[in-house]
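In this note's numbering, the protein residues as written are 741 to 852.
Below, the structure is given as structure tokens:
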């Protein structure tokens, strides 16, 4: 995350960007990463989108040192899942114990 923060800082110092409008989007593994940015850089990310990528379960996050996903402000999220996606990291119904289902993701993000 330090690298991504350094990119944001560098862009902010070299260009006239609005730091309140930093967005993340990713496809597949990039979608998983956009969830991480939304969770771990929530103070810098205004909104994020994940296309065909799931979100890590809380137990996997904590066991592997990612920390809890606890946004500190309301964050707009766009999820674009596929019901026939066969890739284990983007299955609509999740892939326990690693990835949440779409319904679990929605519940987590709405109630955080």
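Heads up, the beta-carbon is just placed ideally off N, CA and C, and yes, glycines get one too.
Residues near residue i in its chain [Cβ-Cβ closer than 7 Å; skip 5 each side]
i, result
"residue 744", "777, 781"
"residue 801", "807, 808, 809"
"residue 770", "793"
"residue 834", "794, 840, 841, 844"
Straight-line gap, residue i to residue j (C-alpha atoms, nearest Å)
i, j, result
"residue 786", "residue 757", "13 Å"
"residue 751", "residue 763", "13 Å"
"residue 784", "residue 793", "21 Å"
"residue 775", "residue 790", "7 Å"
"residue 788", "residue 741", "15 Å"
"residue 804", "residue 755", "36 Å"
Whether residue i touches residue j by CB criterion (8 Å)
i, j, result
"residue 796", "residue 832", "no"
"residue 849", "residue 817", "yes"
"residue 808", "residue 768", "no"
"residue 779", "residue 811", "yes"
Cβ shell of residue i (< 6 Å), same chain only, five flanking positions each side left out
i, result
"residue 821", "832, 842"
"residue 695", "The question about residue 695 has no answer, for the chain in this structure spans 741 to 852."
Test: residue i CB closer than 8 Å to a CB of chain C
i, result
"residue 797", "Absent from the structure: chain C. Only one protein chain is present."
8 Å Cβ shell around residue i - same chain, five flanking residues per side excluded
i, result
"residue 819", "789, 790, 842, 845, 846"
"residue 799", "837"
"residue 823", "832"
Extract the residue ranges of the beta strand (DSSP E) inside the stretch 748 to 788, only unbroken runs of 3 or more that lie entirely within it. DSSP runs (the beta strand (DSSP E)) wholly in the stretch 748 to 788: 763 to 767.
Any beta strand (DSSP E) of 3 or more consecutive residues that is wholly inside the stretch 813 to 852: Runs found: 816 to 820.
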